[in-house]
Amino acid sequence: MTNLNPCVYFIGAGPGDPDLLTLKAYKIISQTDVILYADSLVPKQILRDVHQDCELIPTGNKTLEDIMKIMINQVKNNKSVVRLHSGDLTLYSAIHEQISILLKENIDFQLIPGISAFQAAAAKIGAELTIPDLVQTIILTRVSGSASQVPDAEKLESLAAHQASLCLYLAARHVKKSQAKLLQYYPSNTPVAICFRIGWPDETIHIVPLEKMAEVTEEENLIRTTLYLISPALNTQQNYRSQLYHPQHSHLFRPNS
997 MTNLNPCVYF IGAGPGDPDL LTLKAYKIIS QTDVILYADS LVPKQILRDV HQDCELIPTG
1057 NKTLEDIMKI MINQVKNNKS VVRLHSGDLT LYSAIHEQIS ILLKENIDFQ LIPGISAFQA
1117 AAAKIGAELT IPDLVQTIIL TRVSGSASQV PDAEKLESLA AHQASLCLYL AARHVKKSQA
1177 KLLQYYPSNT PVAICFRIGW PDETIHIVPL EKMAEVTEEE NLIRTTLYLI SPALNTQQNY
1237 RSQLYHPQHS HLFRPNS
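Heads up: the sequence shown runs through residues 997 to 1253, numbered per my numbering.
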């Protein structure tokens, strides 16, 4: 037994690099009694500092019902349980359905957020996705797949019309259709960062024009764990300056003399 409360801790593991875990996430992972983790999405190095008596349970071959039964029984046996998801819990993590069941069973839970892949990818390529006078909006989205459909109001072409910094998840298998829809609104030379397994030892990043997005994806055989950043902000040749630190801009902490 550890000193953690007997409850379920939903933890966002981040994109894969264990050094990007929050301090809170790391402390809980290293102290908990049981960890259920998505073994196809969470790299083993995230679990490198668990204590010797921690029970590790991969969930890649389990259904929601299997997972919930294990978590509920462990908490009822006075154990602390970590449900470890990849990335950021707020994005495509399927925690809503788990939380609903825990609430019905009166099982306590906590959410500990993680770094999203789009944040890690932008950091890797040294980019700010919101540059003054160029782009001030970030859109996080995906395309419809076999397990989940995107609502009609959120179709890719309607989001592309904003020409914002668009972070496209879960789209590698549909890259040709996605590229065609994006090209309806973005110029063909808009930079795209094709980011494969960000934070993993075998990560790769290709920055290409939008018109080459599908071609490079297929050449590199990227069919899973691929994120696309589509943004005019990735054009590093442009020179834009924020007014926040401009000598002529005054504010509460730096009034003009």
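Just so it is clear, CB atoms sit at the ideal spot from N, CA and C, and this is done for glycine as well.
Cβ pair count under 8 Å reaching 3, the stretch 1039-1055 against the stretch 1111-1130 = Counting Cβ pairs under 8 Å, fewer than three are found: no touch.
Could you give the uninterrupted runs of the alpha helix (DSSP H) lying entirely in the stretch 1044-1127, keeping only those of 4 residues or more?
-> Within the stretch 1044-1127, the runs of alpha helix (DSSP H) at least 4 residues long that lie entirely inside it are, in chain order, 1060-1072, 1091-1100 and 1113-1120.
Determine the DSSP secondary structure at I1007, reduced to helix, strand or coil.
-> As a position in the sequence shown, residue 1007 is number 11, starting the count at 1. Shown here, I1007 sits in a strand according to DSSP, grouped into three states.
State yes or no: is the C-beta of V1139 within less than 7 Å of the C-beta of L1152?
-> Here residue 1139 refers to the residue found at position 143 of the sequence shown. Here residue 1152 refers to the residue found at position 156 of the sequence shown. The criterion of a C-beta distance shorter than 7 Å is satisfied by V1139 and L1152.
For P1205, name the three-state secondary structure that DSSP assigns.
-> Numbered from its first residue, the sequence shown carries residue 1205 at position 209. Three-state result, P1205: strand.
From this set, I1190, K1075, Q1106 and Q1145, which residue's C-alpha is nearest E1029's C-alpha?
-> For this step, residue 1029 is matched to residue 33 along the sequence shown. Checking the displayed sequence, the identity of residue 1029 turns out to be Asp instead of Glu. In terms of Cα proximity to D1029, the closest of I1190, K1075, Q1106 and Q1145 is K1075.
By Cβ distance below 7 Å, which residues in the same chain neighbour S1036 in space, the five residues on each side in sequence not counted?
-> Mapped onto the sequence shown, residue 1036 falls at position 40. Cβ neighbours of S1036 beyond the five flanking positions: G1056.
Opposite A1189 in the DSSP bridges: which residues?
-> Taking the sequence shown and counting its residues from 1, the one referred to as residue 1189 is at position 193. The partner list for A1189 (beta bridge, DSSP) reads I1203 and L1225.
Cβ neighbours of I1025 in the same chain (closer than 8 Å, five flanking residues each side left out) | For the purposes of this step, residue 1025 is taken as residue 29 along the sequence shown, with counting starting at 1. Taking I1025 as the centre and dropping the five residues before and after it, the same chain places the C-beta of I1007, L1017, I1031, I1042, L1043, D1045, V1046, V1078 and L1080 closer than 8 Å to its C-beta, in chain order.
Assign T1213 to one of three DSSP states: helix, strand, or coil.
-> Along the sequence shown, one-based indexing puts residue 1213 at 217. In the structure shown, T1213 sits in a helix (DSSP, three-state: H, G or I).
Return the bridge partner residues of S1282 from the DSSP annotation.
-> The structure shown has nothing for residue 1282, since the chain only spans 997 to 1253.
Proximity of I1106 and Y1005 at Cβ, strictly below 7 Å | Walking along the sequence shown from the start, residue 1106 turns up at place 110. Walking along the sequence shown from the start, residue 1005 turns up at place 9. The sequence as given places Gln at residue 1106; Ile does not occur at that position. The answer is yes: Cβ separation under 7 Å.
Return the bridge partner residues of V1030 from the DSSP annotation.
-> Indexing the sequence shown from 1 puts residue 1030 at position 34. Paired residues: E1051 and V1077.
Rounded straight-line distance, which links the Cα of D1015 to that of A1009 = Counting from one through the sequence shown, the residue named residue 1009 turns up at place 13. Counting from one through the sequence shown, the residue named residue 1015 turns up at place 19. In a straight line, the C-alpha of A1009 is about 10 Å away from that of D1015.
Which residues bound the alpha helix (DSSP H) around A1167?
-> Translated into positions along the sequence shown, residue 1167 becomes position 171. Careful: A1167 lies outside any alpha helix (DSSP H) and carries neither H nor E.
Given a cut-off of 7 Å, decide if I1066 and A1116 are closer than it, judged by their beta-carbon atoms.
-> Sequence index remark: in the sequence shown, residue 1116 carries index 120 (1-based). Sequence index remark: in the sequence shown, residue 1066 carries index 70 (1-based). A distance of 7 Å or more separates the beta carbons of A1116 and I1066.
Given that a residue counts as buried once 16 or more other Cβ atoms are within 10 Å of its Cβ, and exposed if not, what is G1141?
-> Sequence index remark: in the sequence shown, residue 1141 carries index 145 (1-based). Exposed, because fewer than 16 other Cβ atoms sit within 10 Å of the Cβ of G1141.
Which word fits L1155, buried or exposed, when buried means at least 16 other C-beta atoms lie within 10 angstroms of its C-beta?
-> By 1-based counting over the sequence shown, the position of residue 1155 is 159. Taking a 10 Å sphere around the C-beta of L1155, we find 16 or more other C-beta atoms and assign the residue as buried.
Is the Cβ-Cβ distance between L1136 and C1163 less than 7 Å?
-> For this step, residue 1136 is matched to residue 140 along the sequence shown. For this step, residue 1163 is matched to residue 167 along the sequence shown. One thing to note: L1136 has its Cβ within 7 Å of the Cβ of C1163.
Give every residue of the same chain whose Cβ lies closer than 7 Å to the Cβ of H1242, excluding the five residues on either side of it in the sequence, and list them in chain order.
-> Sequence index remark: in the sequence shown, residue 1242 carries index 246 (1-based). Here the model assigns H1242 a pLDDT of 49, short of 50, so the residue's position is not dependable and the matter cannot be decided.
For P1187 versus L1218, is the C-beta distance shorter than 7 Å?
-> By 1-based counting over the sequence shown, the position of residue 1187 is 191. By 1-based counting over the sequence shown, the position of residue 1218 is 222. Contact flag unset, no.
Best match in N1069, M1064, P1039 and D1013 for proximity to P1002 [C-alpha to C-alpha] | Taking the first residue of the sequence shown as position 1, residue 1002 is located at position 6. Nearest in C-alpha terms to P1002, of all of N1069, M1064, P1039 and D1013, is N1069.
Roughly how many angstroms separate the alpha carbons of I1134 and I1226, rounded to a whole number?
-> If you number the sequence shown from 1, residue 1134 lands on position 138. If you number the sequence shown from 1, residue 1226 lands on position 230. Rounded to the nearest whole angstrom, the CA to CA distance from I1134 to I1226 is 10 Å.
State the Cα-Cα distance for the pair L1000 and S1096, rounded to the nearest angstrom.
-> Reading the sequence shown from its first residue, position 4 is the one you call residue 1000. Reading the sequence shown from its first residue, position 100 is the one you call residue 1096. Here the C-alpha atom of L1000 lies approximately 23 Å from the C-alpha atom of S1096.
Under the rule that 16 or more other beta-carbon atoms within 10 Å means buried, what is L1098, buried or exposed?
-> Translated into positions along the sequence shown, residue 1098 becomes position 102. With 16 or more other Cβ atoms within 10 Å, it is buried.
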